[in-house]
Amino acid sequence: MVSFKLAALAAVALGSLNVLAQDTAADIQVEDNIGDTPQNPAKPDIADVNVEDMQNYLASGGNQQWKTGSSDPKPLNVDVNVSFPDAEIFGVKLVNGRPTRALFHIANNEDTDINVLLGLGALLTPLGTPGAPEVPQVVRNMTGAKFGTVIAPKSKETLTYSFSNVMQPQDLTLELQTVIAKGQNMFTLTVFSESVSIVEAPTSILDPQIIFLYLLLAGIFGGTCYFIYNVWITQLFPQKKRGGKGGERAKRSSGGSKPVDPSEQVAVVGADGPAVTTGSKTYDESWIPASHLQRPQAKRVGSGRPKSRAA
1 MVSFKLAALA
11 AVALGSLNVL
21 AQDTAADIQV
31 EDNIGDTPQN
41 PAKPDIADVN
51 VEDMQNYLAS
61 GGNQQWKTGS
71 SDPKPLNVDV
81 NVSFPDAEIF
91 GVKLVNGRPT
101 RALFHIANNE
111 DTDINVLLGL
121 GALLTPLGTP
131 GAPEVPQVVR
141 NMTGAKFGTV
151 IAPKSKETLT
161 YSFSNVMQPQ
171 DLTLELQTVI
181 AKGQNMFTLT
191 VFSESVSIVE
201 APTSILDPQI
211 IFLYLLLAGI
221 FGGTCYFIYN
231 VWITQLFPQK
241 KRGGKGGERA
251 KRSSGGSKPV
261 DPSEQVAVVG
271 ADGPAVTTGS
281 KTYDESWIPA
291 SHLQRPQAKR
301 VGSGRPKSRA
311 A
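Note that the sequence shown covers residues 1 to 311 in full-length UniProt numbering.
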């Protein structure tokens, strides 16, 4: 069977050697890699050849043999542990509206420096839950944190990654990752992947937010009641009369029915002669006619039938 990878290698090699063929179909023959013989040397898999080896092969005109071996860098020799200082003994709980702190304890076992670039987090659908998809799906991505911390060889560092969420209470899988650079290579490590519970924040009467809410509602309710009372309730009650009839006002002002204490009388000397006034009044009653001081009495009017004339 014709190998697609070997066909791609043959096309690249012929293009680099600038071979001008009159009949491309007749000159190019693609064969399977049967064995490693002097006439037919074994060619490495294209997936095991890096870009630098391919460039060297093209520059040599096809005379230099490609090097075998994987192009992937060696695994990063670091130890990463994650802890939650605010977590309970029964498990990690993400409280809505409150930040959750995750501590990354990173130990560099390499012989060179490593650079911790980022901290990432995501909430995934749980495994083994009825109704959940078999392959975990991302429910929400957390905000990433930029570290940029260089860790020396054979040393440890603790980095804090904080995130918050506001979701419906449920059980999800929390996955935390970190991106570490070593030289020109970058590695993405999954450092935590366990089930967590999303819960609501506990309420308390002494909570400052609850107290402020109670005061605000009480003020709004009191102002509304005061407005309703002044606009509608007061109209339902009779108003007190401020003054009586003219005769009653004159009687109260003159004080005709109230006897005057001689000790309260004060002698006043004016241009027209001496006058006597009381200490509680600022006018002289001697100049007021008695007819004005007395309360007028209503005359009695007969309401009977008029007398008939004698026949």
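For every residue, glycine included, the Cβ atom is placed at its ideal position computed from N, Cα and C.
Burial of A102 is indicated by the presence of at least 16 other C-beta atoms within 10 angstroms of its C-beta. The DSSP assignment places 170-182 as complete runs of the beta strand (DSSP E) inside the segment 167-194, in order along the chain (cut-off: 3 residues).
Under the criterion of beta carbons closer than 8 Å, T143 and A132 do not qualify as touching, at roughly 25 Å.
DSSP places N109 in the coil class of the three-state scheme, outside both helix and strand.
Our two residues, F221 and A201, have alpha carbons roughly 27 Å apart in a direct line. Contact between G119 and T178 holds, with the beta-carbon distance rounding to 5 Å and staying under 8 Å. Boundaries of the alpha helix (DSSP H) harbouring T224: 208-228, taken from the DSSP string. Straight-line spacing of the CA atoms in Y161 and L206 works out to 30 Å. The three-state secondary structure of A145, taken from DSSP, is strand. Counting C-beta pairs closer than 8 Å gives three or more between the segment 150-170 and the segment 103-114, which meets the contact rule. Secondary structure at T203: coil, using DSSP grouped into helix, strand and coil. Proximity to G97 across L236, I198, T234 peaks at I198, based on C-alpha coordinates.
In the DSSP annotation of this structure, the continuous segment of the alpha helix (DSSP H) that includes L293 starts and ends at 290-293.
Counting every other CB atom within 10 Å of its CB across the protein chains shown gives L94 a total of 16 or more, marking it as buried. In the three-state scheme derived from DSSP, where H, G and I count as helix and E and B as strand, I233 is classed as helix.
In terms of CA proximity to P169, L123 leads the group L123, P75, F192.
With at least 16 other beta carbons inside 10 angstroms of its own, T100 counts as buried. Taking C-alpha positions only, F163 is separated from P136 by approximately 21 Å. With respect to the C-alpha of E88, the residue from L217, V196, L216 having the closest C-alpha is V196. Here the C-alpha atom of L117 lies approximately 19 Å from the C-alpha atom of D111. Nearest C-alpha to G183 among V191, L213, N115: N115. E285 sits in a helix when the DSSP states are folded into three classes. For N115, the uninterrupted beta strand (DSSP E) segment begins and ends at 114-124.
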